[in-house]
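Asks:
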């Protein structure tokens, strides 16, 4: 892998992980389940 | 190894890889459908189609998760390297499973003569300003389009046409596709079902991908720090005998790419660590039949000049090497690809290789 790609990965992954964790958490906390 | 459009060059390894993949997908889908029908027997054909939507959607998500784990796993342990070999076929199959998922979805709407409602869902613009209630199918369509782009450009023809650097940059869009799929599930089916299986699947899958990437990236950091330069700007690699025969020691030019310094008997050569095919780490490969062989797909290059053996035309950048006071040194400034730069270890240094001096 090129150095530039490694750098992109190192920048991308923490940001992507945090964004996904936030999006998933909000989707889970705010969901309104239909009545049974 | 060279360019020229040819259909998939099948070999035994690819057939075995694809065979295992197809069997695994078939077994997963069959088991999912059987278990789902046992727990929730379908009352009508709409519920049967719904099972197909769930089975193919789950399968596609898991396949995408595994594909994204292969890269960092191969960095962390060489035993996962065989999974890299035919990963593109894995990707193409993932796109096909995702396409079948969409096919089932369309069948579900068509069976109810409700296809216009699907269009209405996707074009209800006020919903795009919401978080809960965001048209999650749009996220899925976005992911599918990216998967289609990946599958359509997976052939080596595109790799050569676009150049490996551009091709790899394009294929990093797969991470965007994965994020879209995670949110497609989180804002879609997870909103309508109380089971914890779906959140657990998302956390387990995305969590594994993230953790593996972070761990692999952390371990690779030291390799990028760059080896110290001596007074005349060369990097000291070490005693020639410290490099195992037919293997390499990888050093890093400060602020530059990594350099693979190979030893083949008494011959020493330094090449860029990036394979011309897909930028694989050739320094982790071996010298086979006199040629440096990339561990990813077996591309080969002569140690002396970084050229692929005839009739192939790939070339790698080479680096000057020298023996200085018994130590092997490499000049971190790359030479043009194909420049002969390998050396034979001087006769007086050979005894140092065979019988290194030991402290009295």
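Protein chains in written order, with the working numbering: chain A, 4 to 39; chain B, 4 to 363. Just so you know, even glycine gets a beta-carbon here, dropped at the ideal spot from N, CA and C.
Using a Cβ-Cβ cut-off of less than 8 Å, list which residues of the region 192-208 of chain B approach chain A; keep chain order.
Replies: Taking 8 Å as the Cβ-Cβ cut-off against chain A, the residues of the region 192-208 of chain B that qualify are 193, 194, 195, 196, 197, 202, 205 and 206.
Asks: So residue 153 of chain B and residue 177 of chain B are supposed to be a Cβ contact under 8 Å. How far apart are they, rounded?
Replies: Counted from its first residue, the second chain places residue 153 of chain B at position 150. Counted from its first residue, the second chain places residue 177 of chain B at position 174. Yes, they are in contact, since the Cβ atoms of residue 153 of chain B and residue 177 of chain B sit about 6 Å apart, within 8 Å.
Asks: With residue 64 of chain B as the anchor, note down where its alpha helix (DSSP H) starts and where it stops.
Replies: To locate residue 64 of chain B, count along the second chain from 1; it is residue 61. Run containing residue 64 of chain B: 48-79, per the alpha helix (DSSP H) assignment.
Asks: Starting from residue 178 of chain B, find everything on chain A with Cβ-Cβ shorter than 8 Å and list it in chain order.
Replies: Locating residue 178 of chain B in the second chain gives position 175, where the first residue counts as 1. Result: 15 and 19.
Asks: Is DSSP giving residue 324 of chain B helix, strand or coil here?
Replies: Along the second chain, read from residue 1 onward, the residue named residue 324 of chain B stands at position 321. In the structure shown, residue 324 of chain B sits in a strand (DSSP, three-state: E or B).
Asks: Would you identify the three-state DSSP class for residue 275 of chain B, choosing helix, strand or coil?
Replies: Taking the first residue of the second chain as 1, we reach residue 275 of chain B at position 272. Three-state DSSP puts residue 275 of chain B in a strand.
Asks: For residue 13 of chain A and residue 45 of chain B, what's the separation of their Cα atoms in angstroms?
Replies: Here the question's residue 13 of chain A lines up with position 10 in the first chain. Here the question's residue 45 of chain B lines up with position 42 in the second chain. Approximately 46 Å, taken between the alpha carbons.
Asks: By the 8 Å beta-carbon criterion, what residues does the region 134-153 of chain B contribute toward chain A?
Replies: Under the 8 Å Cβ criterion, the region 134-153 of chain B contributes 134 and 135.
Asks: Quick one: residues in its chain with C-beta nearer than 6 Å to the C-beta of residue 208 of chain B, no 5 flanking neighbours on either side, listed in chain order?
Replies: For the purposes of this step, residue 208 of chain B is taken as residue 205 along the second chain, with counting starting at 1. These residues qualify, in order along the chain: 68.
Asks: Exposed or buried, residue 197 of chain B, counting other C-beta atoms within 10 Å across all chains shown (16 or more means buried)?
Replies: Locating residue 197 of chain B in the second chain gives position 194, counting from the first residue. It counts as exposed.
Asks: Apply the 10 Å Cβ neighbour rule to residue 25 of chain A and answer buried if 16 or more other Cβ atoms are within range, or exposed otherwise.
Replies: Numbered from 1 along the first chain, position 22 holds the residue referred to as residue 25 of chain A. With fewer than 16 other Cβ atoms within 10 Å, it is exposed.
Asks: Please report the straight-line C-alpha distance between residue 335 of chain B and residue 276 of chain B, rounded to a whole angstrom.
Replies: On the second chain, residue 335 of chain B is found 332 positions in, with the first residue counted as 1. On the second chain, residue 276 of chain B is found 273 positions in, with the first residue counted as 1. So the two alpha carbons sit approximately 12 Å from each other.
Asks: Measuring only between beta-carbons, confirm whether residue 260 of chain B sits less than 9 Å from chain A.
Replies: Here residue 260 of chain B is taken as the residue at index 257 of the second chain, counted from 1. So, interface residue.
Asks: List the endpoints of the continuous beta strand (DSSP E) containing residue 36 of chain A.
Replies: Against the first chain, residue 36 of chain A aligns to sequence position 33. Run containing residue 36 of chain A: none; DSSP gives neither H nor E here.
Asks: List the whole-angstrom C-beta distance separating residue 78 of chain B from residue 263 of chain B, where the pair is believed to meet the contact cut-off of C-beta under 8 Å.
Replies: The sequence position of residue 78 of chain B within the second chain is 75, counting from 1. The sequence position of residue 263 of chain B within the second chain is 260, counting from 1. Rounded, the Cβ-Cβ distance is 16 Å, inconsistent with contact.
Asks: Once the 5 residues before and after residue 101 of chain B are set aside, which same chain residues still bring their CB inside 7 Å of it?
Replies: Along the second chain, one-based indexing puts residue 101 of chain B at 98. Cβ neighbours of residue 101 of chain B beyond the five flanking positions: 63, 147 and 150.
Asks: Using CA atoms only, rank isn't needed, just tell me which of B:257, B:247 and B:259 is closest to residue 269 of chain B.
Replies: Walking along the second chain from the start, residue 269 of chain B turns up at place 266. Ranking B:257, B:247 and B:259 by Cα distance to residue 269 of chain B puts B:247 first.
Asks: Determine the closest residue to residue 243 of chain B out of B:136, B:330, B:132 and B:201, with distance taken between C-alpha atoms.
Replies: Position 240 of the second chain, counted from the start, is the residue given in the question as residue 243 of chain B. Of the candidates B:136, B:330, B:132 and B:201, the one whose C-alpha sits nearest the C-alpha of residue 243 of chain B is B:330.
Asks: Can you pull the chain B residues whose beta carbon is under 7 Å from the beta carbon of residue 37 of chain A, in chain order?
Replies: Taking the first residue of the first chain as position 1, residue 37 of chain A is located at position 34. Correct list: 195.
Asks: Indicate whether residue 192 of chain B and residue 323 of chain B have their beta-carbon atoms separated by less than 9 Å.
Replies: The residue labelled residue 192 of chain B in the question sits at position 189 within the second chain. The residue labelled residue 323 of chain B in the question sits at position 320 within the second chain. In this structure, residue 323 of chain B does not lie closer than 9 Å to residue 192 of chain B by Cβ.
Asks: For the beta strand (DSSP E) containing residue 294 of chain B, name the first residue and the last one.
Replies: Taking the first residue of the second chain as 1, we reach residue 294 of chain B at position 291. Where residue 294 of chain B is concerned, the enclosing beta strand (DSSP E) stretches over 294-296.
Asks: Taking contact to mean 3 or more Cβ pairs, one atom from each stretch, closer than 8 Å, check whether the region 307-325 of chain B and the region 336-344 of chain B are in contact.
Replies: Yes: at least three Cβ pairs fall under 8 Å.
Asks: Sorted by chain position, which residues of the same chain lie with C-beta nearer than 7 Å to residue 4 of chain A's C-beta, five sequence neighbours on each side aside?
Replies: Taking the first residue of the first chain as position 1, residue 4 of chain A is located at position 1. Once the five neighbours on either side are set aside, residue 4 of chain A has no close Cβ partner at all.
Asks: Using a Cβ cut-off of 9 Å, pull out every chain B residue sitting near residue 25 of chain A, in sequence order please.
Replies: Along the first chain, read from residue 1 onward, the residue named residue 25 of chain A stands at position 22. Neighbours of residue 25 of chain A on chain B: none; closest Cβ ~11 Å, over 9 Å.
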